[in-house]
Every structure is written in structure tokens, then in C-alpha cells.
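Protein chains in written order, with my numbering: chain A, 1 to 114; chain B, 115 to 229. In this text, a Cβ means the ideal position worked out from N, Cα and C, and glycines have one as well.
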Amino acid sequence: AQSVAQPEDQVNVAEGNPLTVKCTYSVSGNPYLFWYVQYPNRGLQFLLKYITGDNLVKGSYGFEAEFNKSQTSFHLKKPSALVSDSALYFCAVRSTSGTYKYIFGTGTRLKVLA
Amino acid sequence: KAGVTQTPRYLIKTRGQQVTLSCSPISGHRSVSWYQQTPGQGLQFLFEYFSETQRNKGNFPGRFSGRQFSNSRSEMNVSTLELGDSALYLCASSLGEGQGISPLHFGNGTRLTVT
């Protein structure tokens, strides 16, 4: 069965510091991996995806994520955090075989402190 | 291009009633998925439709149902509402298979409150 774990409910980081939001996954076969961000009272916005190829994926708003197959992880990173990055972040996985179902983690609230 | 539109934005219903939520996908998108979002539970998958056919279903009781029309618009119905059904219901659309792995595009959701 597919699953996604986001081990941290909340991450606090000072503005200007690098940030990491962790995600690990379990899926049969190879994964498609995604990061989404949610601002208050809004739907989720797509940030980036890993399909195949380079393990470092670059996305919107300066975010990037590193795919690590041996550790089954797909951590979200940004070199320098902004206060406006404060939001709820979701990792999602979809198997490359069979089902078209996307499974989301429980979300990590990122708080960037001025 | 217009985004995913969900109506209504807010609903207040009483236990035992039923409710219908509507979702209009991005033009050209043939896949529509529905998710329930509650604090602490994240996003729980309800079902996914592609070309009017339900392709996937999550682990929700039969009170939750959906359908997709020929223009790809989708509706979700919840019958015999319970207090625990209070949540943000999100609809997402994507191109669907055969056109690469397109990400999900979400609407702003319908906030359902059951009293």
C-alpha cells in the first residue's frame, strides 16, 4: 500500500536561514513525488514534482527537493526562508504502476520567524 | 485559463441532511479527484473520476458518492450527514493519463459544517 510520512507537524526557521521539510514514502514500484503548499482558506498549490531523472528538482518560489531512492525520501528545501513562505506543506506520492491515486501526507506547518 | 471552481464555498447543514458539492475542472482536464481535509488527518482521498468513470475510491462509507458529467464537471454527494463530516472538501483536476504526469490542480474547497 502507498503511504507518505511527514514526521514533523511544525517546523520553525528564522528568516534568511535554510529550511528543510521532511517527507518519506512507501510505494510499490517507482514513485511520482510531489510537493504542494496551502495558504489559509485556500486550496493546495503545486510546487514541484519528481518523475524521473535528476534527483534534485527545482520548483516554484525558489523551492527545491531532493529525491533519495535508498532512503525513500523527498525532502523539500529552500536556501533562504522568507516570512511569506509560512504555510502548510504537503508531500504526495503516486505509484508509476497500477492505480492513479495520489496519497498525501498529513502536512507540515512551516513558520518563518522575522 | 480559469482554475478549478468549487461551489459553494461554505455550507452549514444539520445532522441527517444531505449535501451536494460541485466542482468545475480546468478546461481540458478529464480527471477529477475529491479529498476531505480535516485538522490532524491531512487529506483523505475520496474518489477519482476520469471520463465519467470512477477509477479509484478511498475508504469512505457509502454515504459519500460522486459522479462526473460529460463536460468533466463533477459533483459529490454526502447523505445522512454526521457531525464528523465537518471538513474542507477539496476538488482537484488534472489532464489524466496519456499526456504525461500532470500535477493536480486544486480548487479553494467547500467548507462544510454539520451541526
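Assignment of alpha helix (DSSP H) within the stretch 134-200 of chain B, counting only whole runs of 4 or more residues, yields no such run. Residue 95 of chain A counts as buried, since no fewer than 16 other beta carbons sit within 10 angstroms of its beta carbon. Residue environment for residue 151 of chain B: buried (at least 16 other C-beta atoms within 10 angstroms of its C-beta). Less than 7 Å separates the beta-carbon of residue 27 of chain A from that of residue 2 of chain A.
Among the CB atoms of chain B, none fall inside 7 Å of the CB of residue 53 of chain A. Of the residues assessed, residue 57 of chain A falls on the buried side of the cut-off, its CB having 16 or more other CB atoms within 10 angstroms.
Annotated three-state conformation of residue 118 of chain B is coil, per DSSP. Within chain B, 154, 155 and 156 have C-beta atoms less than 8 Å from the C-beta of residue 106 of chain A, given in sequence order. Rounded to whole angstroms, the Cβ separation of residue 92 of chain A and residue 104 of chain A is 5 Å, and the two are in contact under 8 Å. Measuring C-alpha to C-alpha distances from residue 81 of chain A to each of A/106, A/108, A/63 and A/67 identifies A/63 as the nearest. When the beta-carbon positions are compared, residue 228 of chain B and residue 195 of chain B come within less than 7 Å of each other. Within chain B, the residues whose beta carbon sits less than 7 Å from that of residue 42 of chain A are 222, listed in sequence order. According to the DSSP assignment, residue 15 of chain A belongs to no beta strand (DSSP E), since it is labelled neither H nor E. Sequence-ordered contacts of the stretch 16-40 of chain A with chain B read 32, 34 and 36 [C-beta pairs closer than 8 Å]. Excluding residues up to 5 positions away in sequence, 195, 228 and 229 lie with their Cβ nearer than 8 Å to the Cβ of residue 128 of chain B in the same chain. Counting along the chain, the unbroken beta strand (DSSP E) around residue 73 of chain A starts and ends at 73-78. Distance from the CA atom of residue 164 of chain B to the CA atom of residue 121 of chain B, rounded to whole angstroms, is 20 Å.
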